[in-house]
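Just so you know, the sequence shown maps onto residues 3 to 185 in this note's numbering.
First up is the structure itself, then whatever we jot down about it.
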Amino acid sequence: MSAESTEEVIAAVTEDQDETQEETQSKTASRLEEEGDIAADYLEELLDIADIDGDIDIEVRNGRTYISIGADEESAALDSLVGRDGEVLEALQELARLSVLSATESRSRLVLDINGYRKERAGVLQQIAEEAVAKVKADGGTVALEPMSAYERKIVHDAVADLGFVSESEGEGAGRHIVVSAD
């Protein structure tokens with residue numbers, strides 16, 4: 003095979019791979035949009051049953067579906083759907099994921115936010131990570147944080163890594179927590 007024909011074959015294979023990757027990304031985005039629609043329909047019915055006003059927004063980013071429920075005005079009813087420490091929000095998120103599983107037979111990693119709770123909590127988690135890193139710098143050793151959800155642990159792991167330190171999840175179930183160290 004000549005060098006010219008080899009280059010043509012390589013170019014054709016590369017083009018096919020690019021097209022396949024674009025198709026996969028398109029299918030993934032389409033699947034994530036479908037998840038969002040299914041979960042939003044479920045949550046809208048729930049809001050109607052509970053007679054709670056709220057606007058539902060769906061966004062697909064970073065390979066996940068994000069659904070947020072908010073209101074133009076302060077809503078105590080929506081705040082009640084967050085619950086203490088986000089417990090009700092976590093349960094509603096799991097119910098929305100189950101509605102997607104039921105409809106598509108595929109697990110969902112969608113994230114639900116109500117009244118900006120998760121955004122606000124992310125700022126608090128960033129501060130917790132910074133304080134833990136500062137304590138590790140000052141004292142050496144390790145710092146164990148309070149138990150938190152998998153989603154919150156992910157935010158803290160990312161924040162700790164961005165600060166150049168190491169974190170690991172330890173424990174089981176509701177007691178699963180993060181331990182921060184220098185190495």
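We treat Cβ as the ideally placed atom computed from N, Cα and C, and that holds for glycine.
Computed from a prediction, not measured in an experiment: that's the story for all the values here.
Rounded straight-line distance, which links the Cα of residue j to that of residue i
i: Gly-72; j: Lys-121; result: 12 Å
i: Gly-173; j: Ala-31; result: 34 Å
i: Pro-149; j: Leu-112; result: 22 Å
i: Ala-163; j: Glu-89; result: 27 Å
i: Ile-130; j: Leu-165; result: 12 Å
i: Glu-24; j: Asp-141; result: Note that Glu-24 has pLDDT 49, beneath the 50 cutoff, so the model's placement of it is unreliable and no number is given.
i: Gln-128; j: Asp-50; result: 35 Å
i: Val-135; j: Val-182; result: 7 Å
Check whether residue i and residue j have beta carbons under 8 Å apart
i: Arg-178; j: Ser-171; result: yes
i: Thr-106; j: Glu-36; result: yes
i: Leu-91; j: Tyr-119; result: yes
i: Ile-58; j: Leu-80; result: no
i: Gly-38; j: Ile-54; result: no
i: Arg-123; j: Glu-154; result: yes
Identified DSSP bridge partners for residue i
i: Tyr-68; result: Glu-61 and Val-113
i: Gly-138; result: For clarity, residue 138 is Val in the given sequence; the question names Gly instead. DSSP lists no partner for Val-138.
i: Ile-180; result: Ser-171
Best match in the options for proximity to residue i [C-alpha to C-alpha]
i: Ile-69; options: Pro-149, Glu-76, Gln-129 and Leu-94; result: Leu-94
i: Arg-33; options: Ala-52, Val-62 and Ile-157; result: Val-62
i: Ala-41; options: Glu-96, Glu-174 and Ile-180; result: Glu-96
i: Tyr-44; options: Ala-98, Ala-31 and Asp-87; result: Ala-98
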